[in-house]
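Colleague:
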DNA sequence: TTTAGCACTCAGAGGTCGTGAGTGCTAAAC
DNA sequence: GTTTAGCACTCACGACCTCTGAGTGCTAAA
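Residue numbers (our numbering), protein chains in the order written: chain L, 1 to 352; chain B, 1001 to 1352.
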């Protein structure tokens, strides 16, 4: 099914006009706007054709046309022009990213916030490890008689810590011994293998009778369990209401509840390769709750088996070109920040 | 202005019925419900009195009564019975808290999620340090040739870390020297005093020419800056829609935007003493956006100058008693978890 | 193949009307 | 003085109608 040039032009005009105004587009508006030198009647005929092809539809007999999901799909695949980011946009993004000297989860939630601000849609961000999380290394830092810090380096290059107070005395030598035992017994193994037996054996090995081993092992297990379930962030929910399709409270509620639920977020679309973005329109979404919303996602690469996704959710009437471009730029920036990671000056010095 | 017993009974009945049904309450309903042995006409007279006192109001002439903000206030101050938590509730809370072996920010966001689930309102959680944040201690952990971990202990007993890759070689001795310099020069001082001069001096002192000092100092500064601006979490936004007063999209939008903004959250009410809860009804709220919503907050104490607040936001028509009780229980649990902090088994063994 | 012309359709705004829950008031009863 | 029965009154809400105008589909001529 090949579209004539004129049909393409008209479909494109309908999509773009509708994205802009949120009102069904009539034949006259098309003629005025996109400088076709034909009459509205001709456009009407063409639109009727496009409708029978399933690319446009009528809310009711006497109103203008609106793109169908399939219409948007054709637009996205064939008609859409690549959006060039304005200097202002790239500046904002670069500045926001550069200021980020934080821990991974903070970086992620900040990236979500940034995305949401820049697109005016709710944004989500998540990190996905492609391999089973294990601990690479333990360090125990002595603080005072009753206090020490557990520092754990995971194989996905994130670091977790916990400050521990205990009612019993904590000697530096004890910590040295404990950390040796943990580095010997608890590194490189998944959470399931941290059995009570292993813990008991480690208690014997370190001569611990005060529950140190139990505390540290407990932290390790908890950590690996939550690392498995991935971290997700959702921000900018209230942006949903800026779009007329979400004036319907029930619809807004459905989508928001879905987005508020971590399990929902994890099921959202994922693009295949880093740097690319993926657009999922209306019923293409697997989730029932998103059947009349669209999702745009981009993937970033944080090196060392750690990848992540940032995405936005909005009405099908969305400026796909602009959103995808911004998302990609942010994702690339994140890849650069996290993977290269040489967090010295000048993220904006690279050529973009 | 002292209320007669009967008036109290009627006001209380109106509030409780209205909280339950969300519909204006008529005189007949009161008679049926709260077992007063008087006629509806008498109740009507009493209600007219209560209205002239400003405790009840009429949406329109021919509808039942609804409590005013002042009416709720009287109810909360004088008439409300203390809500006893069910065993199921306390169990849920204990279980959720006990499983928490995480870092502070994670604990907080989890507490918010829990609160929101248990109350069916959007919840917020924030940590407030009553003193200026400074760093108590630096540790640098050598990982490999190009990698080390910065671990920083703040005076509010939170620990922050960052994994650093650098293109230059990192010797363990260098890190030892650096950590000595940082512990000497950068501990106990606020962010403003970490001047370029100090950084330059530290570079000379440690003989650093590869930018290590700059990286670590950058992390320290960034850390203190964000510690100053406090951490805030908001969860459960979508619960708003479960309440009929937020069927109005614009109203929901206003409140949600307000809650999505960190600066807004920081301005929400705070209770004075830990363990207590505070209820702010409708126009008592300073924020224009919350003039017809209510806020219930509870404070918890994490020892060592660190305090925090959890709260929920909902319509003025709220089961204050239940919400306040749950919030307090969660806050107490958090205090226990964070302050005592001996995270050994059995948070639920204490008597509650 | 395109276009002018025209009848047709239908959402949405605005108006009218009936219904019923709940009131305020009055006058009688306690 | 307080309570109650009775009754007229009010007004939101839903059902129903009408008018309007934008935009269509179709037909017949260019």
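Ideal Cβ placement from N, Cα and C applies to all residues, glycine included.
Which residue's Cα is closest to the Cα of residue 185 (chain L): L:137, L:240, L:145, L:83?
Modeller: Taking the first residue of the first chain as position 1, residue 185 (chain L) is located at position 185. Nearest C-alpha to residue 185 (chain L): L:137.
Colleague: What residues in the segment 136–170 of chain L bring their beta carbon closer than 8 Å to a beta carbon of chain B?
Modeller: Result list: 137, 139, 141, 143, 149, 151, 153, 157, 158, 159, 160, 161, 162, 163, 164, 165, 166, 167.
Colleague: I want to see whether chain B comes within less than 7 Å of residue 114 (chain L), judged by CB atoms only; does it?
Modeller: For the purposes of this step, residue 114 (chain L) is taken as the residue at position 114 of the first chain. No, residue 114 (chain L) does not count as interfacial toward chain B.
Colleague: Is residue 1279 (chain B) helix, strand or coil by DSSP?
Modeller: As a working mapping, residue 1279 (chain B) is identified with position 279 in the second chain. Strand.
Colleague: For a test of the three-state rule: what should DSSP assign to residue 1208 (chain B), helix, strand or coil?
Modeller: Your numbering for residue 1208 (chain B) matches position 208 in the second chain. Looking at residue 1208 (chain B) - three-state DSSP - the assignment turns out to be coil, as it is neither helix nor strand.
Colleague: Please state the DSSP three-state secondary structure of residue 234 (chain L).
Modeller: To locate residue 234 (chain L), count along the first chain from 1; it is residue 234. In this structure, residue 234 (chain L) counts as strand in the three-state DSSP scheme.
Colleague: Please tell me whether residue 235 (chain L) and residue 123 (chain L) are closer than 7 Å, where the distance is taken between their beta carbons.
Modeller: If you number the first chain from 1, residue 235 (chain L) lands on position 235. If you number the first chain from 1, residue 123 (chain L) lands on position 123. For residue 235 (chain L) and residue 123 (chain L), yes; Cβs fall inside 7 Å.
Colleague: Could you tell me whether the Cβ of residue 1186 (chain B) comes closer than 7 Å to any Cβ of chain L?
Modeller: Numbered from its first residue, the second chain carries residue 1186 (chain B) at position 186. So no, residue 1186 (chain B) is outside the interface.
Colleague: Would you say residue 253 (chain L) lies against chain B (beta-carbon separation less than 7 Å)?
Modeller: On the first chain, position 253 is the one that residue 253 (chain L) refers to. Cβ-Cβ to chain B under 7 Å: yes for residue 253 (chain L).
Colleague: By a C-beta neighbour count over all protein chains shown, 10 Å radius and 16 as the cutoff for buried, is residue 328 (chain L) buried or exposed?
Modeller: Looking up residue 328 (chain L) in the first chain gives position 328. The residue in question, residue 328 (chain L), is buried, as its Cβ has 16 or more Cβ neighbours within 10 Å.
Colleague: Would you please verify whether the beta carbon of residue 1127 (chain B) is less than 7 Å from any beta carbon of chain L?
Modeller: Taking the first residue of the second chain as position 1, residue 1127 (chain B) is located at position 127. No - not a single Cβ of chain L is within 7 Å of the one on residue 1127 (chain B).
Colleague: Give the residues of chain B in contact with residue 256 (chain L), contact being defined as C-beta atoms less than 8 Å apart.
Modeller: Your numbering for residue 256 (chain L) matches position 256 in the first chain. What residue 256 (chain L) touches in chain B: 1237, 1238, 1241.
Colleague: Residues of chain B with CB under 7 Å from residue 247 (chain L), in chain order?
Modeller: Here residue 247 (chain L) refers to the residue found at position 247 when the first chain is read from its first residue. Neighbours of residue 247 (chain L) on chain B, chain order: 1249.
Colleague: Below 6 Å CB to CB, which residues in the same chain sit around residue 1044 (chain B) once its five sequence neighbours on both sides are set aside?
Modeller: Numbered from 1 along the second chain, position 44 holds the residue referred to as residue 1044 (chain B). Counting only Cβ-Cβ distances below 6 Å, and skipping sequence neighbours, we find 1027.
Colleague: Contact check, residue 967 (chain B) vs residue 1083 (chain B) under 8 Å by CB: the rounded distance?
Modeller: Given that chain B is displayed from residue 1001 to residue 1352, the structure contains no residue 967 (chain B) and the question cannot be resolved.
Colleague: Do the segment 186–205 of chain L and the segment 232–249 of chain L make contact, defined as three or more Cβ pairs closer than 8 Å?
Modeller: Output reads no: the segment 232–249 of chain L does not touch the segment 186–205 of chain L.
Colleague: So who's on the other strand from residue 240 (chain L), going by DSSP bridges?
Modeller: Position 240 of the first chain holds residue 240 (chain L). Looking at the DSSP assignment, residue 240 (chain L) forms no beta bridge with any residue, so it has no partner.
Colleague: Starting from the Cα of residue 1189 (chain B), find the closest Cα among B:1220, B:1314, B:1175 and give me that residue.
Modeller: Position 189 of the second chain, counted from the start, is the residue given in the question as residue 1189 (chain B). The shortest C-alpha separation from residue 1189 (chain B) is found at B:1220.
Colleague: Distance check for residue 1290 (chain B) and residue 1002 (chain B), CA to CA, integer angstroms please.
Modeller: For this step, residue 1002 (chain B) is matched to residue 2 along the second chain. For this step, residue 1290 (chain B) is matched to residue 290 along the second chain. Each residue's alpha carbon lies about 30 Å from the other.
Colleague: Have a look at residue 165 (chain L) and residue 1338 (chain B) and give me their C-alpha separation to the nearest angstrom.
Modeller: To locate residue 165 (chain L), count along the first chain from 1; it is residue 165. To locate residue 1338 (chain B), count along the second chain from 1; it is residue 338. Cα-Cα distance, rounded: 10 Å.
Colleague: Return helix, strand or coil for residue 1310 (chain B), following the three-state DSSP convention.
Modeller: The sequence position of residue 1310 (chain B) within the second chain is 310, counting from 1. Three-state result, residue 1310 (chain B): strand.
Colleague: Residues in its own chain within less than 6 Å of residue 1224 (chain B) by CB, not counting five upstream and five downstream?
Modeller: Taking the second chain and counting its residues from 1, the one referred to as residue 1224 (chain B) is at position 224. Within the same chain, residue 1224 (chain B) has close Cβ partners 1133, 1191.
Colleague: Measure from the alpha carbon of residue 1317 (chain B) to the alpha carbon of each residue in B:1060, B:1065, B:1047, then state which is nearest.
Modeller: For the purposes of this step, residue 1317 (chain B) is taken as the residue at position 317 of the second chain. The option with the nearest alpha carbon to residue 1317 (chain B) is B:1065.
Colleague: Take residue 180 (chain L) and list the residues in its own chain whose beta-carbon comes closer than 7 Å to its own, dropping the five residues that flank it on each side.
Modeller: In the first chain, the residue the question calls residue 180 (chain L) occupies position 180. The answer is none, since no qualifying residue turns up.
Colleague: Assuming residue 277 (chain L) contacts residue 295 (chain L) (C-beta within less than 8 Å), just tell me the rounded distance between them.
Modeller: Position 277 of the first chain holds residue 277 (chain L). Position 295 of the first chain holds residue 295 (chain L). Rounded, the Cβ-Cβ distance is 10 Å, inconsistent with contact.
Colleague: What residue range does the alpha helix (DSSP H) around residue 1045 (chain B) cover?
Modeller: Locating residue 1045 (chain B) in the second chain gives position 45, where the first residue counts as 1. Unbroken alpha helix (DSSP H) run through residue 1045 (chain B): 1040–1052.
Colleague: Determine whether the Cβ of residue 179 (chain L) lies closer than 7 Å to any Cβ atom of chain B.
Modeller: Sequence index remark: in the first chain, residue 179 (chain L) carries index 179 (1-based). No - not a single Cβ of chain B is within 7 Å of the one on residue 179 (chain L).
Colleague: Using only alpha-carbon positions, find the residue among L:127, L:91, L:56 that is nearest to residue 13 (chain L).
Modeller: Taking the first residue of the first chain as 1, we reach residue 13 (chain L) at position 13. Taking only the C-alpha atoms, the option nearest residue 13 (chain L) is L:56.
Colleague: Given 8 Å as the limit, is there contact between the segment 1211–1220 of chain B and the segment 1242–1250 of chain B, that is, 3 or more CB pairs closer than that?
Modeller: At 8 Å Cβ cutoff, the stretches do not touch.
Colleague: Straight-line CA distance for residue 1174 (chain B) to residue 206 (chain L)?
Modeller: If you number the second chain from 1, residue 1174 (chain B) lands on position 174. If you number the first chain from 1, residue 206 (chain L) lands on position 206. Each residue's Cα considered, the two are about 30 Å apart.
Colleague: Residues of chain L with a CB under 7 Å from the CB of residue 1335 (chain B): which are they?
Modeller: Position 335 of the second chain, counted from the first residue, corresponds to residue 1335 (chain B). What residue 1335 (chain B) touches in chain L: nothing, since even the nearest Cβ is about 14 Å away.
Colleague: Less than 7 Å between C-beta atoms, sequence neighbours within five positions excluded: which residues of the same chain meet that for residue 1324 (chain B)?
Modeller: Translated into the one-based positions of the second chain, residue 1324 (chain B) becomes position 324. Closer than 7 Å at the Cβ level, and outside the excluded window around residue 1324 (chain B), lie 1277, 1279, 1296.
Colleague: Could you say which of L:10, L:20, L:53 lies nearest to residue 41 (chain L) if we only look at CA atoms?
Modeller: Indexing the first chain from 1 puts residue 41 (chain L) at position 41. With distances taken between Cα atoms, residue 41 (chain L) lies closest to L:10.
Colleague: Under three-state DSSP, which class holds residue 1342 (chain B)?
Modeller: In the second chain, counting from the first residue as 1, residue 1342 (chain B) sits at position 342. The predicted position of residue 1342 (chain B) is uncertain, since its pLDDT is 47 and thus under 50; no value can be drawn from it.
Colleague: For residue 202 (chain L), return the contacting residues in chain B, with the cut-off set at a CB-CB distance below 9 Å.
Modeller: Mapped onto the first chain, residue 202 (chain L) falls at position 202. In chain order: nothing, as chain B lies at least about 17 Å away.
Colleague: Who are the near neighbours of residue 111 (chain L) in its chain, counting only those whose CB is closer than 7 Å to its CB and skipping five residues on each side?
Modeller: Within the first chain, numbered from 1, the residue matching residue 111 (chain L) stands at position 111. Same-chain partners within the cutoff: 125, 310, 330, 334.
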